[in-house]
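There are 2 protein chains.
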Amino acid sequence: MFKQITILAPGLLGASLATAVKDRQLADRNVIWARRAETRVACSDQSWCDHVTDSLEEAVGEADLVVVCSPVETIHPLVVRISPHLKKGALVTDVGSTKSLITRYCHTVIPLGRQFVGSHPMAGSEKSGMAHARKDLFCGKTCFITPLVDTDEKAVEAILRFWKELDMEVATVSPERHDEIVAHISHLPHVLASVLCSFLSTKDSSWGNFAGDGLRDTTRVAGGGAAIWKSIIEQNREEIVRAISQFENELQSLKSAIANSQSFDILNHLKRGKAYRDRLRSSQ
Amino acid sequence: MFKQITILAPGLLGASLATAVKDRQLADRNVIWARRAETRVACSDQSWCDHVTDSLEEAVGEADLVVVCSPVETIHPLVVRISPHLKKGALVTDVGSTKSLITRYCHTVIPLGRQFVGSHPMAGSEKSGMAHARKDLFCGKTCFITPLVDTDEKAVEAILRFWKELDMEVATVSPERHDEIVAHISHLPHVLASVLCSFLSTKDSSWGNFAGDGLRDTTRVAGGGAAIWKSIIEQNREEIVRAISQFENELQSLKSAIANSQSFDILNHLKRGKAYRDRLRSSQ
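Sequences listed follow chains H and W, in order. Residue numbering for the first sequence follows the working numbering, beginning at 1 and increasing consecutively. Residue numbering for the second sequence follows the working numbering, beginning at 1 and increasing consecutively.
Here you go:
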């Protein structure tokens with residue numbers, strides 16, 4: 001599909017992507033760029049890495065597709081740095097969890113004849129790092145792509161096909177719509193899990209030992225990297241604040257029904273929640 | 001360990017318990033009481049059921065141990081009904097998720113020479129019903145027992161041994177302390193998952209299709225039976241309202257940090273949450 005794919009910053013997502021690309025033969029050559037020497041050493045041992053370098057110029061010069069897999073706050077800076085070295089016709093995408101700022105910024109810095117199309121594969125884990133890479137990390141998951149109105153159609157089509165080749169369900173939406181959606185289905189759940197954990201940490205520390213699978217599942221995502229999530233939250237600030245406020249109203253409404261022993265209202269809340277959750281389950 | 005164990009109301013917990021008791025030979029004879037004819041028919045086919053009946057008198061008359069496995073709001077009424085038929089020395093316990101009301105009420109109705117000791121095995125699933133019963137449902141989980149100060153010590157010891165024989169970690173606490181603990185580690189997480197789902201159900205219904213494992217795990221418990229959870233919430237009203245209020249303060253504090261772009265405070269919240277979650281993981 002491509003002669004060369006270059007992956008910048010091989011953490012869990014980048015390394016999983018390289019593995020999947022090799023497994024499905026989507027590129028003749030996988031080139032990896034990593035900032036840290038120890039990461040480059042680790043990469044050089046991997047069958048999914050044909051060449052590894054610390055030079056961005058060398059990494060992207062011959063690339064047909066560059067996938068930026070770094071934390072969200074460094075995606076735009078990296079695209080700025082690679083832009084002068086991209087060959088004509090090169091495609092650039094990313095895997096960042098926010099899209100409005102990244103897509104707008106990157107679109108403006110990409111030189112004529114090269115194209116940026118933002119992506120967000122909804123795949124990951126609370127475990128980070130290359131060591132947890134899996135070639136099936138993306139299979140069956142959603143991937144958002146967020147072209148702008150003036151993004152080249154062939155570029156959009158190529159990025160769409162790329163994710164589909166990895167067995168992803170691709171949804172094309174505007175960057176702003178993307179950020180609204182993930183604020184609700186990903187960032188808000190993360191915030192709630194994290195706040196639940198930070199709240200419980202103020203209580204008797206032995207209580208955690210009694211917890212069943214319910215608490216464990218409900219809070220799993222709170223084990224994700226704090227710095228990574230801080231950046232995601234900051235890049236999607238307005239949508240997340242709006243989603244939290246609306247959630248607070250819903251919580252306040254159930255709390256008041258509980259405090260006032262309004263059985264019918266309590267039941268109604270729980271039934272609406274269950275109905276939504278049951279549809280979620282059957283959709284997989 | 002016992003000649004006869006009688007299990008009232010064989011749903012997920014009751015049937016799993018009967019299976020585990022048979023597997024570990026904790027009783028010579030398992031007697032099951034079920035209200036509904038179709039449940040009795042289903043039980044009569046099971047190897048873990050030596051006798052099934054719709055008569056409470058017949059079910060408990062010869063029982064050394066009676067385990068009430070019905071929803072929380074019917075535990076006390078059932079104990080009232082079986083009390084006149086219990087033989088001398090009989091032990092009664094339950095598996096209800098709340099303990100203050102149940103333990104106090106049941107303690108007062110049990111006749112002299114018989115003993116009630118409240119239990120709450122922290123095992124279960126969002127799936128309910130006999131069909132999902134598993135003999136290992138209790139293994140490695142916590143079981144609270146909640147004796148009162150004047151509960152017979154031998155009875156407490158026997159109930160404690162019973163749960164330990166099922167490979168449970170037993171924690172002995174007062175009913176009030178139990179309700180405070182589970183309000184935080186079980187009921188609050190359930191309320192949050194449920195409110196998150198009922199909130200998301202007010203949004204574009206297609207969004208659920210995009211959701212990753214994060215939302216699925218965070219909300220799994222919201223798939224639990226609405227009527228069952230309504231009763232649990234009502235029986236632990238005060239503790240749950242208090243826990244929600246404190247959670248609201250913590251959420252408000254993070255929301256304000258996000259709205260005001262206070263990076264350090266956001267990071268701090270997330271770090272405290274992650275530290276708690278990481279301890280939770282390592283404890284299993």
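All C-beta atoms in this analysis are idealised placements derived from N, C-alpha and C, irrespective of residue type, glycine included.
Sub-8 angstroms separation of residue i and residue j beta-carbons
i                : j                : result
Ala59 (chain W)  : Leu8 (chain W)   : yes
Lys135 (chain H) : Thr53 (chain H)  : no
Asn30 (chain W)  : Asp50 (chain W)  : yes
Thr98 (chain W)  : Val72 (chain W)  : yes
Gly118 (chain H) : Pro175 (chain H) : yes
His184 (chain W) : Lys203 (chain H) : yes
Arg279 (chain W) : Gly208 (chain H) : yes
Lys274 (chain W) : Gly223 (chain H) : yes
Ala193 (chain H) : Thr219 (chain H) : yes
Val92 (chain W)  : Val79 (chain W)  : yes
Ile244 (chain W) : Val191 (chain W) : yes
Ala226 (chain W) : Leu215 (chain H) : no
Arg24 (chain H)  : Leu160 (chain H) : no
Asp94 (chain W)  : Ile82 (chain W)  : no
Tyr276 (chain W) : Leu12 (chain H)  : no
Trp33 (chain H)  : Leu56 (chain H)  : yes
Thr6 (chain H)   : Ala63 (chain H)  : yes
Leu106 (chain W) : Met122 (chain W) : Reading off the sequence, residue 106 (chain W) comes out as Cys, not Leu. No, these two residues do not count as a Cβ contact at 8 angstroms.
Arg301 (chain H) : Leu86 (chain H)  : In the structure as shown, chain H starts at 1 and stops at 284, and residue 301 (chain H) therefore has no counterpart that could be examined.
Ala259 (chain H) : Val241 (chain W) : yes
Backbone secondary structure at residue i - three-state DSSP
i                : result
Thr6 (chain H)   : strand
Leu91 (chain W)  : strand
Thr306 (chain H) : Residue 306 (chain H) lies beyond the range of chain H shown here (1 to 284); nothing can be said about it.
Phe116 (chain H) : strand
Cys106 (chain W) : helix
Ala15 (chain W)  : helix
Asp265 (chain H) : helix
Leu192 (chain W) : helix
Thr202 (chain H) : coil
Asn260 (chain W) : coil
Asn249 (chain W) : helix
Ala211 (chain H) : coil
Leu86 (chain H)  : coil
Gly224 (chain H) : coil
Pro77 (chain W)  : helix
Asp23 (chain H)  : helix
Lys274 (chain H) : helix
Assigned exposure category for residue i - 16 Cβ within 10 Å defines buried
i                : result
Lys230 (chain W) : buried
Lys141 (chain H) : buried
Lys154 (chain W) : exposed
Thr108 (chain W) : exposed
Cys197 (chain H) : buried
Leu112 (chain H) : exposed
Val195 (chain H) : buried
Glu238 (chain H) : exposed
Gln235 (chain W) : buried
Phe210 (chain H) : buried
Gln4 (chain W)   : buried
Pro10 (chain H)  : buried
Val221 (chain W) : buried
Pro84 (chain H)  : exposed
Ala15 (chain H)  : buried
Phe116 (chain H) : buried
Phe162 (chain W) : buried
Ala37 (chain H)  : exposed
Phe138 (chain H) : buried
Ala131 (chain H) : exposed
Ser100 (chain W) : buried
Residue i beta carbon near the ligand FMN (any heavy atom closer than 7 angstroms)
i               : result
Lys22 (chain H) : What this structure holds is no ligand at all, so the ligand FMN is not there to describe.
Task: Residues within the segment 260-275 of chain H neighbouring chain W, beta-carbon criterion of under 8 angstroms - done: Ser261, Ser263, Ile266, Leu267, His269, Leu270, Lys271, Arg272, Gly273, Lys274 and Ala275
Task: Residues, ordered as in the chain, of the segment 230-243 of chain H that lie near chain W by beta-carbon distance below 7 angstroms - done: Lys230, Ile233, Glu234, Arg237, Ile240 and Val241
Open item on the list: For a minimum of 3 consecutive residues, which ranges assigned as the beta strand (DSSP E) are wholly contained in the segment 25-69 of chain H?
Closed with: 27-33, 51-53 and 65-68
TODO: Closer than 7 angstroms, Cβ to Cβ, to anything on chain W: give me those residues from the segment 140-168 of chain H, in chain order.
DONE: Lys141 and Thr142
Task: Contact set between the segment 196-217 of chain W and chain H, restricted to residues whose Cβ is under 7 angstroms from the partner - done: Leu196, Cys197, Ser198, Phe199, Leu200, Ser201, Lys203, Trp207, Gly208, Asn209, Phe210, Ala211, Gly212, Gly214, Leu215, Arg216 and Asp217
Task: Complete runs of the alpha helix (DSSP H) confined to the segment 120-177 of chain H [at least 4 residues] - done: 153-165
Open item on the list: Beta carbons nearer than 8 angstroms to chain W: which residues of the segment 245-257 of chain H have them?
Closed with: Ser245, Gln246, Phe247, Glu248, Glu250, Leu251, Gln252, Leu254 and Lys255
TODO: Give, in chain order, every residue of the segment 47-78 of chain H whose Cβ lies closer than 9 angstroms to some Cβ of chain W.
DONE: none
- [ ] Give the residues from the segment 102-116 of chain H that approach chain W closer than 7 angstroms (Cβ to any Cβ), ordered along the chain.
- [x] none
Task: Members of the segment 174-185 of chain H that neighbour chain W once the beta carbon cut-off is set at 7 angstroms - done: Ile181, His184 and Ile185
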